Structures are given as C-alpha cells and as structure tokens.
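S.K.: Residue numbers (my numbering), protein chains in the order written: chain H, 255 to 507; chain D, 255 to 507. Yeah, the Cβ is synthetic: ideal placement off N, Cα and C, and Gly gets one too. Since the structure is predicted, the reported quantities are computational estimates derived from the model, not experimental observations. Below is a structure I'd like to ask you about.
2 protein chains.
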Amino acid sequence: MADEATTPSPGRAELEALDPRLPLHARLREVLVARIESGEWTPARPLPAETVLTAHYGVALGTMRRVLGELVEQGMLERRHGSGTFVRRAKLDSSLFRFFRYGDSRTDAPASRILTFDQAALPAEAAEALSEPVGSPALHLHRLRLRDDEPVLVEDIWLPLPRFACLAQRHQDELGDLLYPEYERECGVVIASAEEILTVGTASAGDALLLRCRRSDPVVFIERTARTHDGTAVEWRRTAGKAADFRYRVEIR
Amino acid sequence: MADEATTPSPGRAELEALDPRLPLHARLREVLVARIESGEWTPARPLPAETVLTAHYGVALGTMRRVLGELVEQGMLERRHGSGTFVRRAKLDSSLFRFFRYGDSRTDAPASRILTFDQAALPAEAAEALSEPVGSPALHLHRLRLRDDEPVLVEDIWLPLPRFACLAQRHQDELGDLLYPEYERECGVVIASAEEILTVGTASAGDALLLRCRRSDPVVFIERTARTHDGTAVEWRRTAGKAADFRYRVEIR
DNA sequence: AAGTGGTCTAGACCACTCC
DNA sequence: GAGTGGTCTAGACCACTTC
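What follows is the structure in structure tokens.
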C-alpha cells in the first residue's frame, strides 16, 4: 500500500529517462508512438482511456490530450466519442483514383481483374524500395483496374516472400478488389502509410495493349511504397494510367 | 468604472450572438478568421497578445490557444516565440519547382525572363477561374523560367485589370523574379493561398520552341488560381514544363 | 526588465456510445 | 448507468525576443 503511494504512476519514470531537454509532451509522444508501432493495440483492441493513460504516465489530462490530438492529426490514431481511441489503418487502396478523372462514370466502385499471380524474383526497383536484395523471392501480382468495364489502370505489385508466404497458397480468384484488408487478415500485415512518386513516360507494349492505347502514348506512372506502422516497406507497386486521364489537384497553404 | 466591471470582455457578446450549438472555440475561430480576412492585421502589424485577446473575448487562455494553434496548423497564422503572432503570406512563388526535377543543377535560384508584358482581354479559362467576364481587360505576362540558363518552364500569367492597374505602368524589366512580393508592394495584394491543377498534354508550337522540344512532345500543365485571404481569386497562371522532367512525390497519411 | 508565446497542471462539466 | 472522449476554465511557471 505504501509502495503504491510512492509509485502512483509507473510510466512516469520512462518519461524521465528520456532526454530532459525535450518537453514532456514530446517525450510522451515518443513513448506512445513506440507502443503504437509495436502493434500492442489494434483496430479491435483500442488504447486505454485517457484517464487510465494519464494516471499511468503521471501527466495532466491536457498534456495527454495534446499528444493524442497530434497523433490523430497525423493520421496515426482515430478517436471515437463515447467509444474509445483506436489505431488507424490507412484506407488508400483505391486512392490511385485521386490522380485520374474519368468522364461521368456511373459505377463508383472500381473493379479489378487479376491477370497473373505467381512467384518471381524481385526486380531492381522493387528490391531497392523494399530494402531487399535484388532477386529475392517474392510474390508478383499483375492486375488490371476497370471503370465501367473500361480498363484504366495497369498494376504490378511486389510482395517480399518470407512475410507474405501465407498468401502464396491462395488462388488469384480468392483475392478481393481491395488488397490491404487481405494482407491484414491473411498475414497480419497492417499498412499504415505510403509514399507515391508520379512520373510521366510512354506506354510499354504490354501496357498499350491492356490500356487500349498506342505504344509510345504518354502514360503516368505511380510508384507506391507501402509501409507498416514501424516504417518497414512491405509492398511496392507501379501503376500506369493514360496521361490523357490524368488530373491532379493540390491546395497550397 | 461600474460599467467596466459589467463589461470586462467586450468581444464576448459577439461570440454569444453566433449559433450557440457551435462550441465556443468554433465560434471564436469564425470571428478571428473574419478579422484576419478583413486585412486588419498584416505581416508588419501582428495580432494582439494572447492575454489581450483572451481578455477581449472573455475566454480562457486554453481555448484561445487552441484556436490560434489550429489557424497556425492551417497556415493562416505564424507564431514567433517572444515576438508575436502574425498573419502568414504564402511563399509559393517558386513552388512550381516542387513538381519537376532537373539533374544536379548547381544554382538553386531559378531565374525568369519576361518575354512579353502587355494588356489583353481575358481568355475563357482565366476568366472563369477569376470569376470575371470573358474578355475583360487584364494584364498578360508571358515569361520563361530557367535553370542553369536552360529554359525549363513557360508561364502565362493573367491579372484582372482594375485591381492591378498600378502594375500596368511598370516596364517588364522592373519586375523581379518573384511576382508575389511585387503584387504586395505595388498593389497591396497579398496572396494567401492557391489551388493547382496538374494535367498532361502536348506542347504547342510556341511552347515547343521555347522549351526546345518537339511539338507534340508530352508536357505537364500546372494551372494555378491564387487567392487573397478572403478567398478572392486574383491571379491565374498556366505553366508548362517537359513531362520528362516531371517528378512529384506524395506522402499519404 | 518587460512582454511575448510555450509548457504543464488540476479539475469541472457536457455529450456521446454501449449495454 | 457506466465509461468514453469533448469542452472550458484558471492559474503557475518557463523560455524566448526585444529594448
């Protein structure tokens, strides 16, 4: 009992141990981010309540709320009034369509058709993005994305193999339109963030055939590296779409 | 004296007058945004101190700080520890270079060469973006932007005329590389935000000549509508650069 | 030294969700 | 009704900028 009185906030020592030149909220932030990245909490297992966390770390409610608010701002957490604070999964599977506009399409949901799904050696670009040796075993997914039955995007997706072994057994018809929920359910891999690089090039023979355009027609390439919460790159994909359909809008400040 | 005691916070009534279903911070935010947009404060005339604002509106420091923090987050304000809170001007004049990569160029500063500067009727696209009638009088600036003496971007800039009359007298050689400071000094127009739309097309005969590429080579167009703090569109420009130089990176979540 | 924003605390009360 | 996050307050103390 006396012991409990002297250690009312077991986590406080952890904060004190960090660089004391940093403000408390910054140290608290570091610690919470580490716990989030560790996978301790999932969309199904929410964080402890504010009051529990504040008691654990021995900080004021305002300080805790500030940090949680920043993590929400940054897209790492999601708070639901009355029900709890949750780690947030990125929902960006069909976000490629942010970059393209297709004339008044009635059906909103973009369909996808998997063309090939096999095991193959990592090509140089994918290997570099995934920090794996060139030629390592990986899964390779080649698929077409359609809008109103019109082929509009061609995708090549690379998944490093030790990690995605559990997907290797699946048949391509068993995979849904959205891959990230699949990764999570089948392999326990939660995609948390991604980086996309856009460039303009010309269609390869294969792309031209699939996109029904001429070879050498301009094409926009989107190379995406997707990462888990701890920053490990676990998926690399290159998507190609006709440059004529490309339209991207940016708001500045 | 008794009067002062009954009205310790003259601005509080203004907050009470707004929709009471909105939380206090939201109402406070509205009022402050309106004052910022009115141009009451400038980069040279900072906002009153927190303590003055809180006393004026009769709110707690925490509430005021929350609102100011949000406006900083959003890029509307800038706080400098020890010196004050300022409205923020957008500094995006050379931000076009965000969209392009040019091989290891030593000189960082992009130069610009004005080709023509004259008065002309607004074309349809510019007119729509600026909410002006097609054919209204405007200033038209045609310029080239260079990197290491290489022409890399071609720009067409339209400025609606009643507002920018004070620029009409100037000779093109008097205009510097950065236009937005010019607008502010000469015409009192402060650019606060902008919207950019990217598309891919082919070079016109004129663009091809200036960019030293073939006609029909793919080109990236950036159409920018720039606005003042109150949201009025005051400048429209279209910039063209070779698609081969285009490279844009997006971080998601 | 005076004035500014930055950090941190302590606690009251409200609104929403779930059982 | 119990538990969650959301709002708002009041005030202490620190760090930076300016003169």
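(1) 9 Å is my cut-off, CB to CB: does L452(H) come that close to chain D?
(2) Within 9 Å of any Cβ in chain D, is that where the Cβ of V504(H) sits?
(3) Just to confirm the assignment, what range does the beta strand (DSSP E) spanning F563(D) have?
(4) So, does the CB of P435(D) fall closer than 9 Å to a CB anywhere in chain H?
(5) What does a CB cutoff of less than 7 Å around V313(H) pick up in its chain, not counting 5 residues either side in sequence?
(6) Name, please, each residue of chain H whose Cβ falls closer than 9 Å to the Cβ of A448(D).
(7) Under the assumption that V488(D) contacts E450(H) (Cβ atoms under 8 Å), give the Cβ distance between them as a whole number of angstroms.
(8) Tell me whether E258(H) is buried or exposed, calling it buried when 16 or more other Cβ atoms sit within 10 Å of its Cβ.
(9) Is there a Cβ from chain H that is less than 9 Å from the Cβ of V371(D)?
(10) Can you check which of these residues, A448(D), L315(D), H394(D) and G495(D), is closest to S470(D) by C-alpha distance?
(11) Return no unless some Cβ of chain H is closer than 9 Å to the Cβ of R501(D).
(12) Looking at chain D, is there any beta carbon in it that lies within less than 9 Å of the beta carbon of E327(H)?
(13) In terms of DSSP beta bridges, what is S366(H) paired with?
(14) Return the CA-CA distance between L398(H) and C441(H), expressed in angstroms with no decimal places.
(15) I want to know whether the segment 374-383 of chain D touches the segment 399-406 of chain D - three or more CB-CB distances under 8 Å.
(16) Hey, does G316(H) have any beta-carbon neighbour from chain D nearer than 9 Å?
(17) By Cβ distance, which residues of its chain are closer than 6 Å to R355(H), with the 5 residues on each side in sequence left out?
(18) Note down the Cα distance separating H425(H) from I368(H), rounded to an integer number of angstroms.
(19) Does DSSP put L276(D) in a helix, a strand or coil?
(20) In chain order, what residues of the same chain lie with their CB nearer than 7 Å to the CB of R466(D), ignoring the 5 residues before and after it?
(21) Got a sec, what are the start and stop residues for the beta strand (DSSP E) A303(H) sits in?
(22) How is D431(D) classed by DSSP in three states: helix, strand or coil?
(23) At which residues does the beta strand (DSSP E) containing T479(H) begin and terminate?
(24) What's the gap between the Cα of R481(D) and the Cα of P435(H)?
(25) Given a threshold of 16 other Cβ atoms within 10 Å of its Cβ, counted over all protein chains shown, does P215(H) qualify as buried or as exposed?
(26) What residues from chain D crowd round P277(H), counting only those whose CB sits closer than 9 Å?
(27) Mind pulling the chain H residues with CB within less than 7 Å of A375(D)?
(28) Going along chain H, which residues have a C-beta under 7 Å from A383(D)?
(29) Quick one: which chain D residues come within Cβ less than 7 Å of P472(H)?
(30) Using DSSP with H/G/I as helix, E/B as strand and the rest coil, what is E294(H)?
(31) Which one of W490(D), A280(D) and A298(D) has the shortest CA to CA distance from H396(D)?
(32) Along the chain, where does the beta strand (DSSP E) that runs through V321(D) open and close?
(33) Can you check which of these residues, V285(H), S390(H), L325(H) and L421(H), is closest to V443(H) by C-alpha distance?
(34) For D484(D), which residues in the same chain have their Cβ closer than 7 Å to its Cβ, ignoring the five residues on either side in sequence?
(35) Between I445(H) and S447(D), how many whole angstroms is the CB-CB distance? I'm expecting something under 8 Å.
M.R.: According to the data block:
(1) yes
(2) yes
(3) For chain D, the structure presents residues 255 to 507; residue 563(D) sits outside this window and is missing.
(4) Under the Cβ distance rule, P435(D) does not count among the residues neighbouring chain H, no pair being separated by less than 9 Å.
(5) Take V313(H), set aside five residues on each side of it, and the residues of its chain with a beta-carbon closer than 7 Å to its own are L278 and L282, in chain order.
(6) V504, E505, I506 and R507
(7) Actually they are not in contact, since the Cβ atoms of V488(D) and E450(H) sit about 32 Å apart, beyond 8 Å.
(8) For E258(H), the predicted model reports a pLDDT of 42, less than 50, meaning its position is unreliable; a value from the coordinates is still stated below. By the neighbour-count rule (16 or more Cβ atoms within 10 Å), E258(H) is not buried but exposed.
(9) A small fix is needed here, since residue 371(D) is Phe in this sequence, not Val. Chain H contact via Cβ: absent.
(10) G495(D)
(11) yes
(12) yes
(13) R399(H)
(14) A direct Cα-to-Cα measurement between L398(H) and C441(H) gives close to 23 Å.
(15) Counting Cβ pairs under 8 Å, fewer than three are found: no touch.
(16) Output row for G316(H): interface = yes.
(17) R501
(18) 10 Å
(19) coil
(20) Cβ neighbours of R466(D) beyond the five flanking positions: P405.
(21) Here A303(H) belongs to no beta strand (DSSP E), and DSSP marks it neither H nor E.
(22) coil
(23) P472 to R481
(24) 41 Å
(25) The requested residue 215(H) does not occur in the structure, where chain H is confined to residues 255 to 507.
(26) Simply none; closest approach about 13 Å.
(27) Result: empty, since nearest Cβ-Cβ is about 27 Å, beyond 7 Å.
(28) By Cβ distance, chain H contributes nothing, its closest Cβ being about 13 Å from A383(D), past 7 Å.
(29) V454, P472 and A497
(30) E294(H): coil per DSSP, three-state reduction.
(31) W490(D)
(32) Where V321(D) is concerned, there is no enclosing beta strand (DSSP E), although the alpha helix (DSSP H) it sits in stretches over L315 to E327.
(33) L421(H)
(34) E291
(35) 31 Å between Cβ atoms; not a contact.
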